[in-house]
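>
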Amino acid sequence: MKSLNNKILRVKIGACIFFTLTPNTQYKYTSHTFTCCHRFPAFNTSFFLPSFFLYCTIAGDPLNSRLTQVIIRFGSLSKMGLDGPTGNEGVRRRGCSCTKDDFLPEESFKSWGNYVQALQQTPRRFMDRVFTRSLDSTELHEIKARSQHEMKKTLSWWDLIWFGIGAVIGAGIFVLTGLQAREVSGPAVVISYVVSGISAMLSVFCYTEFAVEIPVAGGSFAYLRVELGDFMAFIAAGNILLEYVIGGAAVARSWTSYFATLCNHKPEDFRIIVHSMSEDYGHLDPIAVVVVCVICVLAVLSTKGSSRFNYIASIIHVIVILFIIIAGFSKADAKNYSDFMPFGIRGVFKSSAVLFFAYVGFDAVSTMAEETKNPARDIPIGLVGSMVITTAAYCLLAVALCLMQPFREINADAPFSVAFEAVGMSWAKYIVAAGALKGMTTVLLVSAVGQARYLTHIARTHMMPPWLAQVHPKTGTPINATVVMLSATAIIAFFTELDILANLLSISTLFIFMLVALALLVRRYYVSGETTTANRNKLVACIVLILASSIATAAYWGLSDNDDWIAYVITMPIWFLATLALHVAVPRARNPKLWGVPLVPWLPSASIAINIFLLGSIDGASFARFGIWTVVLLLYYFFFGLHASYDTAKEAAENKMGDGLKKVEEGVKVSSEAQ
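The sequence shown begins at 22 in my numbering and counts up one residue at a time.
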């Protein structure tokens with residue numbers, strides 16, 4: 022008993038220290054009133070609530086009876102407005118209010134007993150959810166309604182094109198081009214961009230059909246939930262969020278590099294070197310954190326305001342890109358192209374996998390479908406148009422860079438700025454650096470807008486805390502999700518080097534794009550309740566063969582050190598025959614209503630094969646990091662996400678049944694009155 026009292030005392034002392042550091046907000050806890058405030062509500066809820074629940078648990082207090090309210094209120098204690106009777110009913114919630122139910126409202130988390138019982142049912146619940154597929158109508162209406170307020174429809178196809186350009190053209194072209202050309206592919210880096218561009222364009226087609234048919238903020242998470250089920254959608258969701266966080270962090274660190282060039286300094290002059298830490302994580306970047314914070318403010322104000330800023334910044338960026346291309350070709354030396362492919366075809370494909378990072382971001386456009394005035398027309402134009410412009414710009418920029426300088430002399434940190442300095446145009450490096458900063462700023466902004474909408478839709482399904490799904494009634498933007506995602510981006514940007522981020526990002530992105538292409542095949546050839554068992558089995562067999570042959574090709578490419586093509590003579594025909602069988606032997610179960618991918622199943626199947634092949638070109642260390650992240654996702658899913666989504670689905674089904682019975686009763690009543 023004495024030991025327990027000591028534990029309670031230590032927790033209370035810790036709580037007092039915490040409240041002292043964050044004064045002026047009231048947390049009311051039955052017999053105790055704590056005062057604590059911070060200018061950032063997310064800070065309080067993230068750090069106070071877990072400590073508070075721990076206090077209740079150690080003290081032996083049941084949360085449901087003891088925790089009456091948590092009120093986060095900006096301002097002084099005299100303005101709390103807590104007059105009235107004590108208890109939930111008499112208290113006015115003012116300002117930004119949060120309760121436990123904002124984070125874990127589901128039945129499984131009402132008490133420790135409920136949670137233990139839910140964990141015991143994990144296998145049964147998993148089998149129930151793993152094959153459960155959502156419906157288009159569910160994503161469009163029921164799930165969207167959980168945000169309480171709708172997002173404003175303010176975007177046109179013109180806005181989407183500039184969002185796409187702003188989302189994609191950034192750190193990849195201005196940083197990775199130099200590194201890949203010098204060390205991996207040589208002047209043939211332009212072919213690497215073509216290969217990556219083809220893969221990205223195939224993925225764009227798949228995204229476009231889904232975005233037109235299911236115009237919601239969830240993007241690929243919503244598409245996979247409809248076609249591949251909850252579990253696969255959650256795994257994809259985790260990688261989508263990882264993609265955005267890592268991509269934003271990489272761009273933020275690159276922003277520092279070009280800012281240093283603009284100031285005639287080296288990037289390390291603006292970073293804090295911690296020698297006691299690993300070299301990959303010990304170059305701390307405070308400027309990157311500041312940039313992310315500024316972007317966060319812009320992203321939460323309004324989508325239309327973000328669009329205007331992005332539009333102006335992207336125009337300036339395009340002008341700078343045109344200047345680089347024209348000035349670069351004016352200083353071109355054909356001799357620099359004499360050794361075009363010094364590292365062979367293997368170097369070209371290895372670069373293609375890494376340079377896919379340069380195309381990351383276009384999927385953010387699909388998350389804006391919910392805010393688009395005419396999705397059926399605007400999304401295809403916005404996505405495809407921005408990708409065509411981006412691919413052409415990348416190829417021309419890569420050619421210009423390698424024609425200005427021998428590839429072995431290209432600078433890895435700021436290749437274009439140093440290249441202009443080498444050809445006697447030192448003044449041009451300032452234009453290049455300023456343009457690069459503009460481009461990376463727009464990438465960060467569009468990324469911030471996209472990732473918040475992904476997280477919002479995931480939280481609507483209760484796989485993440487529903488507090489993250491809230492949309493602000495005035496701005497029409499998901500402020501909570503934006504702040505949380507950009508906080509994670511700032512932390513990663515502060516510590517981690519660009520090369521680690523680029524490889525891990527490429528794995529996550531290629532994996533998601535492969536799943537979206539797979540989901541499109543399922544959508545076209547399978548409709549639950551309509552497709553026969555025989556046709557379903559044929560579809561499964563064809564997809565398994567497509568995946569197996571693609572994985573075998575990628576594995577052989579990644580593991581073998583020679584250029585022996587004998588294995589490809591076996592694997593590639595299997596892919597071709599499996600796709601042909603799908604086209605001939607399996608009848609289509611559904612055709613798109615508004616806009617569809619052409620040449621199905623060939624284009625989605627090719628997208629699967631190319632994405633998997635590029636995965637085979639990435640180093641093993643990056644796959645190890647990807648594996649660790651996947652384990653973290655699985656732990657979260659089996660301990661929290663599974664039970665939250667199970668309870669939510671069960672409650673929704675019960676509500677539907679109750680509504681149906683109510684309508685039947687009303688019908689019987691009307692009928693009896695008529696008689």
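Beta carbons: idealized from backbone N, C-alpha and C, even for Gly.
Which one of Gly240, Arg611, Val311 has the shortest CA to CA distance from Tyr547?
It is Arg611 whose Cα lies nearest to the Cα of Tyr547.
> DSSP has Leu176 in a bridge; who is on the other side?
Looking at the DSSP assignment, Leu176 forms a beta bridge with Thr393.
> Can you say whether Leu636 is buried or exposed, counting buried as having 16 or more other CB atoms within 10 angstroms of its CB?
That one is buried.
> How close, in whole Å, do the beta carbons of Leu418 and Ile346 come, if the pair is a contact with beta carbons under 8 Å?
Yes, Leu418 and Ile346 are in contact; Cβ-Cβ is about 6 Å, under 8 Å.
> Along the chain, which unbroken stretches of the alpha helix (DSSP H) at least 4 residues long are found entirely within the stretch 564-645?
Segments of the alpha helix (DSSP H) lying fully in the stretch 564-645: 587-606, 623-636.
> Expressed to the nearest angstrom, what Euclidean distance is found between the alpha-carbon atoms of Ser335 and Asn395?
Spanning the two alpha carbons is a distance of roughly 23 Å.
> Give me the Cα-Cα distance between Phe364 and Pro307, rounded to the nearest whole angstrom.
Near 37 Å, if we compare the C-alpha coordinates of Pro307 and Phe364.
> Measure the CB-CB distance between Ala435 and Tyr279 and report whether it falls below 8 Å.
The answer is yes: Cβ separation under 8 Å.
> Where do the ends of the alpha helix (DSSP H) carrying Tyr451 lie?
Element bounds for Tyr451: 449-481.
> CA-CA distance, Phe195 and Phe437?
Answer to the nearest angstrom: the Cα atoms are 7 Å apart.
> Would you kindly report the start and end of the unbroken alpha helix (DSSP H) that includes Gly662?
Run containing Gly662: none; DSSP gives neither H nor E here.
> Give me the Cβ distance between Val237 and Ala353, rounded to the nearest whole Å; I'm assuming they're in contact under 8 Å.
About 47 Å; that fails the 8 Å criterion.
> With a threshold of 7 Å on Cβ separation, who are the neighbours of Glu551 within its own chain once the five nearest residues in sequence on each side are excluded?
Counting only Cβ-Cβ distances below 7 Å, and skipping sequence neighbours, we find Ala610.
> Find the nearest neighbour of Gly268 within the set Ile513, Lys671, Lys614, judged by alpha-carbon distance.
When only C-alpha atoms are compared, the closest one is Ile513.
> Compare the Cα-Cα distances from Glu442 to each of Leu283, Val504, Thr477 and report the closest residue.
The option with the nearest alpha carbon to Glu442 is Leu283.
> What did DSSP end up calling Leu305 once you bin it into helix, strand or coil?
Leu305 falls in the strand class under three-state DSSP.
> What is the DSSP secondary structure of Ile410, reduced to helix, strand or coil?
Helix at Ile410.
> One question on the structure: do Leu531 and Pro625 come within less than 8 Å of each other, judged by their Cβ atoms?
No, these two residues do not count as a Cβ contact at 8 Å.
> Can you give me the start and stop residues for the alpha helix (DSSP H) that Ser220 sits inside?
Here the alpha helix (DSSP H) through Ser220 covers 210-234.
> If Ser373 and Ser213 are in contact, beta carbons under 8 Å, what's the gap, nearest whole angstrom?
Indeed, because the Cβ distance is near 4 Å, the residues count as touching under 8 Å.
> Could you spell out the range, first to last residue, of the alpha helix (DSSP H) harbouring Trp133?
Counting along the chain, the alpha helix (DSSP H) containing Trp133 begins and ends at 133-141.
> Under 8 Å: do the stretch 644-664 and the stretch 593-608 share three or more Cβ pairs, one atom per stretch?
No, the stretch 644-664 is not in contact with the stretch 593-608.
> Please give the ranges of any alpha helix (DSSP H) in the stretch 258-322, keeping only runs that are unbroken, at least 4 residues long and fully inside the region.
The qualifying runs are 307-322.
> Quick check on Arg367: does DSSP put it in helix, strand or coil?
Arg367 falls in the helix class under three-state DSSP.
> By how many angstroms is the C-alpha of Gly259 removed from the C-alpha of Ser529?
About 9 Å.
> Where does His483 land, buried or exposed, given buried means 16+ other C-beta within 10 angstroms?
His483 should be labelled buried.
> Under the three-state reduction of DSSP, which class applies to Tyr426: helix, strand or coil?
Before going further, note that residue 426 is Gln rather than Tyr in the sequence given. Here Gln426 sits in coil by DSSP.
> Let me know the secondary structure DSSP gives His493 once reduced to three states.
Coil at His493, not helix or strand.
> For Phe184, which of Ile219, Phe370, Ala469, Gly250 has the nearest alpha-carbon?
It is Ala469.
> For Leu249, which of Met148, Ala271, Val607, Arg544 has the nearest alpha-carbon?
Comparing Cα positions, the closest option is Arg544.
> Taking Arg474 and Pro499 to be in contact with their CB atoms under 8 Å, please state how far apart those CB atoms are, rounded to whole angstroms.
Yes, Arg474 and Pro499 are in contact; Cβ-Cβ is about 7 Å, under 8 Å.
> Going straight from the alpha carbon of Gly403 to that of Asp180, what length do you get?
Their backbone Cα atoms lie some 8 Å apart in a straight line.
> Consult DSSP for Lys352 and reduce its assignment to one of helix, strand or coil.
DSSP places Lys352 in coil when its eight states are reduced to three.
> Where does the unbroken alpha helix (DSSP H) through Arg246 begin, and where does it stop?
Where Arg246 is concerned, the enclosing alpha helix (DSSP H) stretches over 241-248.
> Residues in the same chain with beta-carbon distance under 6 Å from Ile316, minus the five sequence neighbours each way, listed in chain order, please.
The answer, listed in chain order, is Leu465, Leu466, Ala469.
> So Gly187 and Thr463 are in contact, right, with Cβ under 8 Å, and what is the actual spacing, rounded?
3 Å between Cβ atoms; contact.
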